[in-house]
Structures are given as structure tokens and as C-alpha cells.
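J.: Supplied in C-alpha cells, the structure appears directly below.
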Amino acid sequence: MKEIESVGMLVNEAQARQLRISDIVLEYEAAHMETTQEALLERMAETFNVMKESILQGLNPNLKSISGLTGGGAYKLLTSIKEGKLPDDFIHKAMVKALAASEYNASMGRIVAAPTAGSCGIIPAVLVTAMEEYKIPEPQVIKALFTTAGIGLVIAKKASISGAEGGCMAECGAASAMAAAALVELMGGTPQMASHAVAIALENSMGLVCDPVAGLVEVPCVMRNASGASNAITSAHLALAGLNVFVPADEVILASGEVGRGMPCSLKETADGGIAATPTAQTVKL
11 MKEIESVGML VNEAQARQLR ISDIVLEYEA AHMETTQEAL LERMAETFNV MKESILQGLN
71 PNLKSISGLT GGGAYKLLTS IKEGKLPDDF IHKAMVKALA ASEYNASMGR IVAAPTAGSC
131 GIIPAVLVTA MEEYKIPEPQ VIKALFTTAG IGLVIAKKAS ISGAEGGCMA ECGAASAMAA
191 AALVELMGGT PQMASHAVAI ALENSMGLVC DPVAGLVEVP CVMRNASGAS NAITSAHLAL
251 AGLNVFVPAD EVILASGEVG RGMPCSLKET ADGGIAATPT AQTVKL
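Numbering (my numbering), first residue to last: 11 to 296.
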């Protein structure tokens, strides 16, 4: 099977064969890794279990990161929802899960880098919330993770999934795009709609810098996971509503790569710029 080189290729192949993007990616991975689709689905199920566990562990009200800068935020947000202070809706529930997984990562818990540790909460939050809210069978959600993998592969090839290379748009932006595509698929959208969702999510995060306080994956990383989950859901809903994008996903990906390369080093994971360089951030001593 030919290499996955673009989102357009995935969409065209899926449409031509009346399949989903996840079907194409699963077929590609099985051929590329010389294994069976069943074996890959089993491995992905294990990955999904780690994602779910990171959410559960991250809801501990006493959770604290090594530095003490983060922890317990997911529990506070969940409590606010339960007490009626915030809407009990899809986005807010996903935000809770995104915070939970990301805070668990900051506390040295076991997570899935999706596509990186700094963006680990976005994909689990969106997909687990969709599964719970819309009663989607878990095997279907596990299959949709191959859609996230396909989109992530293209972004990694054509742009970057490294904050040190492309800023946070390469991490939380990429995760939002990956999650948005999978959510579209789970909600019955077409491959082209999934492509539109990828473009929207990346456009919404274009130019997002990587400026970790004290060089830790905590501030502002944890809260960016919550906003990244919101971005993914918004982008998917816009695409599902039939809103088309003017610039195709593949061109948006290439543009994000150019923007990332054009960023000064101070805004790419060095903790020398952005909020990491503020007086308050400079008081953090490890």
C-alpha cells in the first residue's frame, strides 16, 4: 500500500472505496508493520485503556505536580459542573477530562503521548466524552483512534508535532486537529468533513507559542489541553454542520510548518519568552 502523504490522499482513498479514514489508516499500518489488523486493534485498545485510566487518576482532588504549580484543577471544574455553576454539556465534560489527563502527566503519571506528553489530554478527553455522551460502542472509538494516527502522521511529515520545533500549535494544535477528525467520524461525518475539521482546528491554533514556565509541562500546558479539547469539538461541529473551509487541510498543515519554523527560539520550548519570561514566572525555582 502506498505511503500516507496527505490528508487529501486519505480522503480520496476513503471516498473512492466508501470507507472511513480509520479503515485506510488501519490497513496501511497493518501492511507497513507486517501484522494483522486484529493485532493492531488489540494494541490500540490497550492504548485507549491507558488514556481512560489517566483521566480517572487525574480526577484525584489531592493530585499535585512535582513543582506544585498544577493539580486538582480537573476536580474543581468537575465539582463546579455538578453544583450547577457551569453547564453540564459536552464541552465542559471534555474540559474536565483534558485537565485530568494533563495534570496526571504533570504529576508523573502514566499517560499516552497523543501526539506528545504536553498535549496528552486532548484526544482522550474528546473521544471518551463522545463515547459516554452518545453511547458509542468502545470498539468504534478504538477504531477512530486510527483516524487520529493518520492525521498525526501527515502533520508530523509535513509540519511538526514538536513544541521545540513548531511551538504549541505543533502539539496542542495537532492534537486538536487529530481529535476533531476522529470526532467527525464518530458522529457519522464524511471523510471530507473530517478534513475540514482538521483545517479549522489548525487555523484556530495557528501561531500558538510554546512557553512553559520553568521549562515544565505544567503552565500553561495543562489549561491549553482544556482549550485544545474545546477547539477540537468546535471544529468538528462546524465541519459536521456543513461549513466548508476555504484553504484545504494539507495547505493549512504546510502553513503551520512555515509559521513554526519562523518563530523565534524563545517561543519554542526554551522558556525564554512568552509567559515563561514574565516576572512572576521567573520567581519559580526548582
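A virtual CB, placed ideally from N, CA and C, is assigned to each residue, including glycine.
List the endpoints of the continuous alpha helix (DSSP H) containing Gln67.
T.: 47 to 68
J.: For Ala111, tell me which candidate among Gly82, Gly270, Ser90 has the shortest Cα-Cα distance.
T.: Gly82
J.: Can you tell me whether Lys107 is helix, strand or coil according to DSSP?
T.: helix
J.: Thinking Ser64 and Pro134 are a contact (beta carbons under 8 Å), I'd like their distance in whole angstroms, please.
T.: 7 Å
J.: Taking the alpha carbon of Lys107 as the point to measure from, which residue in Ser117, Asp221, Gly284, Val138 has its own alpha carbon closest?
T.: Val138
J.: Give the straight-line distance between the Cα atoms of Tyr114 and Lys12, rounded to the nearest whole angstrom.
T.: The alpha-carbon of Tyr114 is positioned some 38 Å away from that of Lys12.
J.: Roughly how many angstroms lie between the CA atoms of Met61 and Ala191, to the nearest whole one?
T.: 18 Å
J.: In chain order, which continuous runs of the alpha helix (DSSP H) of length 4 or greater are located wholly inside the region 208 to 265?
T.: 231 to 250
J.: Roughly how many angstroms separate the alpha carbons of Leu193 and Ile243, rounded to a whole number?
T.: 8 Å
J.: Are Gln67 and Pro201 closer than 9 Å when you measure CB to CB?
T.: no
J.: Note down, in chain order, each residue of its chain lying with its Cβ closer than 6 Å to the Cβ of Thr157, except the 5 sequence neighbours on either side.
T.: Ile31, Ser32, Ala191, Ala192, Glu195
J.: Alpha carbon to alpha carbon, what distance is there between Arg53 and Thr280?
T.: 34 Å
J.: Anyone know if the C-beta pair for Ser129 and Ala55 falls short of 9 Å?
T.: no
J.: Quick test of your reading: Met179 and Gly270, contact by CB under 8 Å. State the CB separation rounded to the nearest angstrom.
T.: 7 Å
J.: Where does the unbroken alpha helix (DSSP H) through Asp33 begin, and where does it stop?
T.: 31 to 43
J.: Along the chain, where does the alpha helix (DSSP H) containing Ser90 start, and where does it finish?
T.: For Ser90, the enclosing alpha helix (DSSP H) begins and ends at 83 to 92.
J.: Gly284 to Gly238, Cα distance in whole Å?
T.: One C-alpha to the other measures close to 18 Å.
J.: Would you call the CB atoms of Leu155 and Ala207 closer than 9 Å?
T.: no
J.: Comparing alpha-carbon positions, which option in Cys182, Glu213, Ile91, Ser90 lies nearest Ala123?
T.: Cys182
J.: Quick one: which unbroken alpha helix (DSSP H) runs of 4-plus residues sit fully inside the region 155 to 201? Chain order, please.
T.: 173 to 176, 182 to 196
J.: If Ser6 and Met216 are in contact, beta carbons under 8 Å, what's the gap, nearest whole angstrom?
T.: Residue 6 cannot be examined here, being either before or after the span of the chain that is shown, 11 to 296.
J.: Taking Cβ to Cβ, would you say Ala211 is nearer than 9 Å to Met105?
T.: no
J.: Given a cut-off of 9 Å, decide if Ala259 and Ala209 are closer than it, judged by their beta-carbon atoms.
T.: Yes, the pair counts as a contact, with Cβ atoms nearer than the cut-off.
J.: Could you pull the start and end residues of the alpha helix (DSSP H) that Thr303 belongs to?
T.: The requested residue 303 is not part of the displayed model; the chain covers only 11 to 296.
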